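Sequential numbering from 532 applies to the sequence shown in the working numbering.
Read the structure below first, then the notes.
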Amino acid sequence: MANITKRGDTYRIKVSCGYSVDGKQITKSTTYKPDPTKSEKWNEKELQRQAVLFEDSCKRGISTTAAKFENFAREWFANYAELKLKRLTLCSYRRMEKRTYAALGHIRIDKISPLDIQRFVRSLVAEGLSTNTVKNYVRFVSVILNYAVRKHLLTFNPCVTVDYPTAQETERDFYTVEEVKRLLALLWQEREEHTEGSYNDKKPFAMFFTLAAYTGARKGELLGLEWQDLDFDNNTLSINRAYYYSSVERTHYTDTPKTKTSRRTLKLPAHVMGMLKEYRTWQTQQKEICGGSWVDTDRVFIKWNGESMATTAPAYFLDTFTKRNNIRRCTVHSFRHFNASALINEGVDVVTVQAALGHSTAATTLSIYSHAFSNAQSKAMEAISNAIAI
Numbered sequence: 532m533a534n535i536t537k538r539g540d541t542y543r544i545k546v547s548c549g550y551s552v553d554g555k556q557i558t559k560s561t562t563y564k565p566d567p568t569k570s571e572k573w574n575e576k577e578l579q580r581q582a583v584l585f586e587d588s589c590k591r592g593i594s595t596t597a598a599k600f601e602n603f604a605r606e607w608f609a610n611y612a613e614l615k616l617k618r619l620t621l622c623s624y625r626r627m628e629k630r631t632y633a634a635l636g637h638i639r640i641d642k643i644s645p646l647d648i649q650r651f652v653r654s655l656v657a658e659g660l661s662t663n664t665v666k667n668y669v670r671f672v673s674v675i676l677n678y679a680v681r682k683h684l685l686t687f688n689p690c691v692t693v694d695y696p697t698a699q700e701t702e703r704d705f706y707t708v709e710e711v712k713r714l715l716a717l718l719w720q721e722r723e724e725h726t727e728g729s730y731n732d733k734k735p736f737a738m739f740f741t742l743a744a745y746t747g748a749r750k751g752e753l754l755g756l757e758w759q760d761l762d763f764d765n766n767t768l769s770i771n772r773a774y775y776y777s778s779v780e781r782t783h784y785t786d787t788p789k790t791k792t793s794r795r796t797l798k799l800p801a802h803v804m805g806m807l808k809e810y811r812t813w814q815t816q817q818k819e820i821c822g823g824s825w826v827d828t829d830r831v832f833i834k835w836n837g838e839s840m841a842t843t844a845p846a847y848f849l850d851t852f853t854k855r856n857n858i859r860r861c862t863v864h865s866f867r868h869f870n871a872s873a874l875i876n877e878g879v880d881v882v883t884v885q886a887a888l889g890h891s892t893a894a895t896t897l898s899i900y901s902h903a904f905s906n907a908q909s910k911a912m913e914a915i916s917n918a919i920a921i
């Protein structure tokens with residue numbers, strides 16, 4: 532409720548507008564000067580009316596001491612994001628700062644309108660960014676403005692009304708079963724052909740892409756694997772961490788997997804575990820060769836001296852390997868799509884696929900692989916039709 536204080540021949544109307552990001556109360560005030568040509572009773576009613584109007588205007592636009600979006604966002608990073616968010620998410624948002632501040636940084640957060648957000652979306656689309664990337668930018672703005680709403684600095688987040696361009700449906704490009712068989716066969720064959728010398732840098736990649744195909748694990752999850760995560764007695768592999776590169780900080784780091792459900796244990800075929808045993812023996816021999824130069828990280832996928840493999844290494848190797856062997860080039864992440872597609876085509880249910888891939892919900896799995904599930908369902912209908920044959 533507005534607080535009214537008489538000050539000489541005027542009145543100060545003061546309204547509380549919540550708290551700032553550092554916990555200080557925010558107030559806004561205005562002055563009402565009585566009309567000397569009107570009666571005292573009229574001025575008293577007008578004072579109360581002006582107090583109600585001012586309070587209403589503050590709470591609808593909620594005044595925030597004129598905090599510009601860029602300044603508020605930087606406070607949000609310092610007071611919330613850096614304390615609460617995963618490093619991967621934080622780095623992702625940091626990469627979005629430049630474009631976002633250029634478009635919205637100069638506007639007070641209580642003055643940002645749905646049209647401002649829509650103009651931002653239009654500018655991103657004009658730059659040629661994909662619909663998913665545009666949505667990520669809006670999500671960045673939205674989480675900051677939601678924070679302002681939670682702190683009672685705003686009553687409304689203008690991002691909730693944004694309209695996105697219709698995304699063009701594109702087929703996910705990944706290897707077929709036949710292509711994966713050929714690629715892995717060539718990888719292990721090439722590995723055998725390069726056994727001479729003190730170090731065979733093909734071995735880690737042969738093992739990496741074998742596990743990528745069999746597990747569907749994310750690149751960072753595979754690079755974060757340690758030998759302690761492998762249970763050779765029960766033929767299982769556990770995903771407990773991931774290895775990332777921050778382009779903002781320009782450094783590699785280890786963190787927890789992407790989501791809580793990304794922590795998972797996967798059963799592997801006996802012959803794949805046998806490959807891992809042979810690979811571990813090679814790594815032990817490599818350690819002896821390097822001697823004092825060896826860096827003991829316990830990582831499964833390593834450089835020549837035991838250090839963790841760089842996050843760009845698998846993609847670089849796959850690019851040169853496919854060119855050298857005249858194989859169609861797909862991304863490292865496409866092995867995850869191959870794994871999911873193979874599971875779905877074999878009739879594995881969505882919940883099991885979700886658990887294997889480490890998605891947060893089954894809805895996420897259905898959304899990403901809806902086309903594959905649709906094809907599998909069509910095949911199931913054909914099988915029923917053939918069986919009944921009415």
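Glycine is no exception: its CB is placed at the ideal position from the N, C-alpha and C atoms.
Bear in mind the structure is a predicted one, so any value in this text is a computation, not a measurement.
With a cut-off of 8 Å on Cβ pairs, the segment 836 to 852 is not in contact with the segment 794 to 803, counting fewer than three such pairs. Secondary structure at lysine 559: strand, using DSSP grouped into helix, strand and coil.
According to DSSP, residue pairing for lysine 798 in a beta bridge involves Thr767. If you check the CB distance, alanine 773 and glycine 751 come in under 7 Å.
If you compare the alpha carbons of Ala609, Thr620, Val665 and Val672 with that of isoleucine 640, the shortest gap goes to Val672.
In the DSSP assignment, aspartate 786 falls within the unbroken beta strand (DSSP E) covering 782 to 786. For leucine 849, same chain residues with a beta-carbon under 7 Å away, outside a window of 5 residues either side, are Val863 in chain order.
The beta carbon of leucine 797 sits closer than 7 Å to those of Thr746, Thr767, Leu768 and Ala887, all from its chain and outside the five residues before and after it, given in chain order.
Counting other Cβ atoms within 10 Å of its Cβ, glycine 539 stays below 16 and is therefore classed as exposed. With a beta-carbon spacing of about 6 Å, phenylalanine 869 and alanine 744 fall inside the 8 Å limit used to define contacts. At least 7 Å separates the beta-carbon of leucine 621 from that of alanine 609. In the structure shown, aspartate 762 falls within a strand segment according to DSSP collapsed to helix, strand and coil.
With 16 or more other Cβ atoms inside 10 Å of its own Cβ, alanine 582 counts as buried. By the criterion of a C-beta distance shorter than 7 Å, asparagine 574 is surrounded in its chain by Pro565 and Asp566, once the five residues flanking it on both sides are discounted. By the 16-neighbour rule on beta-carbons within 10 angstroms, glycine 659 is exposed.
In this structure, the beta-carbon distance from glutamate 606 to alanine 533 does not fall below 7 Å. Lysine 599 is bridged by DSSP to Arg639.
Per the C-alpha coordinates, the member of Thr792, Gly755, Thr697 and Lys791 positioned closest to threonine 785 is Gly755. Within the same chain, and ignoring the five residues on either side of isoleucine 858 in sequence, the residues whose Cβ sits closer than 8 Å to its Cβ are Glu710, Arg713, Leu714, Leu717 and Phe852. DSSP places alanine 773 in the uninterrupted beta strand (DSSP E) bounded by 773 to 777.
Restricting attention to Lys734, Tyr775 and Arg830, the CA atom closest to the CA of arginine 749 is found in Tyr775. For threonine 892, there is no enclosing alpha helix (DSSP H), as DSSP gives it neither H nor E.
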